[in-house]
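For reference, the structure is listed below as structure tokens.
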Amino acid sequence: MKRETVITCVEPDRRAQTMTTVLDNSYQRIQPYEGQEEDADDEDDREETPQESGVIIHVVPEGNKARWNHIEDLDSFFTRMYHYHQQHGFVCMMLQEVLELVQFFFVVTFVTFLLHCIDYSKLYSGGGDANDTSHKSDAIMCIGDCIKSISSFYWGLLVVAAIFFTLQFLKVLYHLTQFWEIKMFFNTALKIADSELDNFTWHEIQKRVIEVQKEQEMCIHKRELTELDIYHRILRHKNYMVAMINKSLLPVRLKVPIIGEVIFLTRGLKYNIELLLFWGPWSPFENNWHLKEDYKKLNKRQELARLLSKHILWIGIANFVLCFLILLWQVLYTFFNYAETIKREPSVLAMRTWSLYGRLYLRHFNELDHELNARLSRAYRPASKYMSSFTSPIMTVLAKHTAFIAGSVLAVLLVITVIYEPIFSMERVVAYMTMLGAVAAAAKAIVPDENLVWCPETLLTAVLAHTHYRPDSWRGTAHTHTTRAQVAQLFQYRAVHLLEELVSPFVTTYILCFRMRHQALEIVDFFRNFTIEVAGVGDVCSFAQMDVRRHGNPMWQTVAHSPTVSPMPEDQSVGYDNQYGIDSDKYHVPMSNHYTQAEDGKTELSLIHFTLTNPEWKPPSHAENFVTALRERAKKEVTADSNPYDNPLIASLNSLSGLGYRDHVSNIIRSTINQVSVPSMSNIFINQPGTSTTSVGIDQSLATKSTVLRRGVSRTEGPLHNDRGFLYDLQQGISNQSLGASVFGSGHSYIMETHTDPYIPTELTAADMSLSTLYLHELHHRQVRRRGYQEMATRSIWQRSPVQELATLPEVRQERIPLLLHQDSSLRKNRES
């Protein structure tokens, strides 16, 4: 790297006034980092600098370095960088935005043409003769007559559309300059051409960004960025949304007559919530990375709540004024987008999709979009099979007879058109045949396959292995319609999704004005209690720190607690962990109250997921202790001389064996079984009951491989070859021969196996996370059962209320608005004393 050096001589007494030296990274390196001491090498470098010679060295930085030095808004920069990578580069991104603009112009122009430029009286005045087109061509009016026929109301709509089109056009131009800068950053700083972009995973891009930070100093507040810093900036607001959904703070549950309680969260409602809370002019955030100071003060909470309530009301009124216009656009967009698809394949409406609420409920803290999409895509097939395992006898009978009648009429029309061809040209005959075909196809989709036998519990466990979250009430009740209805809230029909989007303009107004407005005080308290300032990052949601001490749940942690705070009796607690040789003093974790802890193990599972997808990240001591304790327990259970039926790890491997990892699980189990002398156990993992879970896993693994080959590696979770899997330490408990074929063993041995076995998935990170999820859920279930919390565990997440939960827990402090900062300061004082 070339650098121009200019040596200037000045007088010693004028040295202070002429210190305008342009510093490069070599000079910055010898400066003491905040909170750290200078090492010996830095001191030697400083001694070699001519301090008293009167010579000042001007180092002119390279142009590429100065270009991205001190980026003011790193949140937007890293977010654009992530989208640039995921959307395949500059040309693809800008082409997408331009065509979306063209699509909007086309819809407005085409609808105007259909409504005001066609004289339908002339179009249908030709009798039944299809060949008579003399006057039908006159049905299309000229431009002048078309403009004159437009009403004043419609002109107003066109003016609104023109304003929106202009704003979108300016937005595209603004994005053009922004993403051109990102393109130059990729090409110049990261040295990645657009043609090679799809050959790099996000994990590799992130590693290069961390290295470039040391040279470019994009963030001047800290010298080295970590993986968590980058995730915090990209997902700052998303982590708040995930936390509020996890704590049931947002009013998305509605009681509908006859139907009952439903969860309603659409794109329109989500847009309004984000407008109010994150990026709008009245939001609590002063800018992308800083919460307004008033929101951090306890004495301002009532005033801020009243102000926020008023803003929510005004936004709700604006939605009510524009609701018909929004509805019109959504109807047109839905019709043009799905009409051809429904005509060609009517069963598309009977297909399922993950709801917007489900995507937030199932999302980890600090999980990027492509990581979430990969998990939910793997869970799609077992989730579909689970939902299909429930059949309604009444609906089956009705569907069979409806399909018979519609098919009979359709068959007669087809025979008549073959015998008497002119009837095919009759008006509406083709439309009738199309409608009958759609009805018959939809009815047949409802009828279940008579040759399939399902095991709902096994299928729901397969779903859990990929989604990672479920309420405790689902365990053991997968066969009930109550659990099925709750799963349907997360995994809904596409037709239900479209219907919710159509009624969203009206329901959004109701939720904002009559539900969310009354929760303004809880929202203000949430931002104050769960916002912390991270050096070099800004204000982030404290849940996103994945602090198992502050936001962890003791029922999801495998370590022992002190007798003064643990709900388990001391003798049971010690015996429980000593059974596996866990040092309770070494891994002591304080207990938090229910208001501050995340639900459903969100903190613990998010920490495990982040450590797997970012193996180079160095977690803090409390996080490292939690992960280490879980690994040590797994190592103990591999070789534990106990009943395999009571071994949580064996139970987790049993569930994992049906997800496409049967051969690898068999090797681990075979080694474990030989050590505990229970040879009959191997049949459990090789010969599963009469379920379709094994085929689900194999099909899913093939689908995963084809997806990776089709899209490249840009959507891959974590590193391609991670030899530091979460349960990598299992190799210390089983033989090297077994581990050589294990998913969780050496990465090199596994890679060699993948070339010979086409059924081995290539995503080691997903395999590690699936086993970790099943294992942690198994441990949690055993703790719930052991500690006598069955009543609390059976409550569904759809029935939770943070206030009610606090009132039902006498063993924790009854604190309505706990101040995390105040608690931390008091704990710090106690430790110092």
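The opening residue of the sequence shown carries number 1 in full-length UniProt numbering; numbering runs sequentially from there.
Backbone N, C-alpha and C define an ideal beta-carbon position, used for all residues, glycine too.
Within its own chain, the residues whose Cβ lies closer than 7 angstroms to the Cβ of residue 286, once the five positions on either side in sequence are excluded, are 292, listed in chain order.
Of the candidates 456, 222 and 413, 413 places its Cα closest to the Cα of residue 436. In the DSSP assignment, residue 539 falls outside any alpha helix (DSSP H) and within the unbroken beta strand (DSSP E) covering 538 to 541. For residue 355, same chain residues with a beta-carbon under 8 angstroms away, outside a window of 5 residues either side, are 263, 265, 489, 490, 491, 492 and 497 in chain order. Out of 410, 205, 91 and 177, the CA that lies nearest to the CA of residue 719 is found in 205. Each residue's CA atom was taken as its position, placing residue 443 and residue 449 some 13 angstroms apart. Membership of residue 253 in the beta strand (DSSP E) is indicated by the continuous run 253 to 256.
Bounds of the alpha helix (DSSP H) holding residue 380 are 369 to 388. Distance from the CA atom of residue 109 to the CA atom of residue 416, rounded to whole angstroms, is 40 angstroms.
Taking the Cα of residue 207 as reference, the smallest distance to any Cα among 606, 198, 226 and 777 is reached at 226.
Counting the other CB atoms within 10 Å of its CB gives residue 330 a total of 16 or more, which places it among the buried residues. The DSSP-derived three-state label of residue 439 is helix. Residue 319 and residue 499 have their C-alpha atoms roughly 18 angstroms apart. Residue pairing by DSSP puts residue 263 in a beta bridge opposite 253.
For the 8 angstroms CB-CB criterion, residue 368 and residue 84 do not form a contact. With respect to residue 326, residue 78 sits apart: the two C-beta atoms are not nearer than 8 angstroms.
By the criterion of at least three beta-carbon pairs nearer than 8 angstroms, the segment 375 to 392 is not in contact with the segment 525 to 534. Following the DSSP letters along the chain, one finds residue 200 in no alpha helix (DSSP H), marked with neither H nor E.
In this structure, the alpha-carbon of residue 337 lies about 14 angstroms from that of residue 502. Contact annotation, residue 524 with residue 308: C-beta distance approximately 6 angstroms; criterion of less than 8 angstroms satisfied. In this structure the segment 594 to 604 touches the segment 242 to 252; the number of beta carbon pairs closer than 8 angstroms is three or more.
Taking 8 angstroms as the cut-off, the beta carbon of residue 536 is found no closer than this to the beta carbon of residue 92. Taking the Cα of residue 407 as reference, the smallest distance to any Cα among 281, 289, 433 and 348 is reached at 433. Note that the segment 599 to 619 touches the segment 764 to 772; at least 3 beta-carbon pairs, one per stretch, sit closer than 8 angstroms. Residues 276, 512, 516, 517 and 520 of the same chain have their beta carbon placed closer than 7 angstroms to that of residue 312, with the five preceding and five following residues left out of the count.
Segment contact: the segment 97 to 105 against the segment 181 to 197, fewer than three CB-CB distances shorter than 8 angstroms; contact not assigned.
Residue 242 is not a Cβ neighbour of residue 378, given a cutoff of 8 angstroms. Across the set 303, 410 and 386, the C-alpha of 386 shows the shortest separation from the C-alpha of residue 453. Pairing residue 281 with residue 295 gives a Cβ-Cβ distance that is not under 8 angstroms. For residue 533, no alpha helix (DSSP H) segment is defined; the enclosing uninterrupted segment is the beta strand (DSSP E) at 531 to 534.
Residue 472 and residue 604 have their alpha carbons spaced roughly 15 angstroms apart. The beta-carbon distance between residue 774 and residue 652, rounded to whole angstroms, is 4 angstroms. This is short enough to meet the 8 angstroms contact definition. In the DSSP secondary-structure assignment, residue 291 is bridged to 285. Annotated as distal: residue 366 and residue 199, with beta-carbon spacing of 8 angstroms or more. With a 10 Å radius around the Cβ and a threshold of 16 neighbouring Cβ atoms, residue 251 comes out buried. The distance from the Cβ of residue 222 to that of residue 90 is about 30 angstroms, inconsistent with a contact at the 8 angstroms cut-off.
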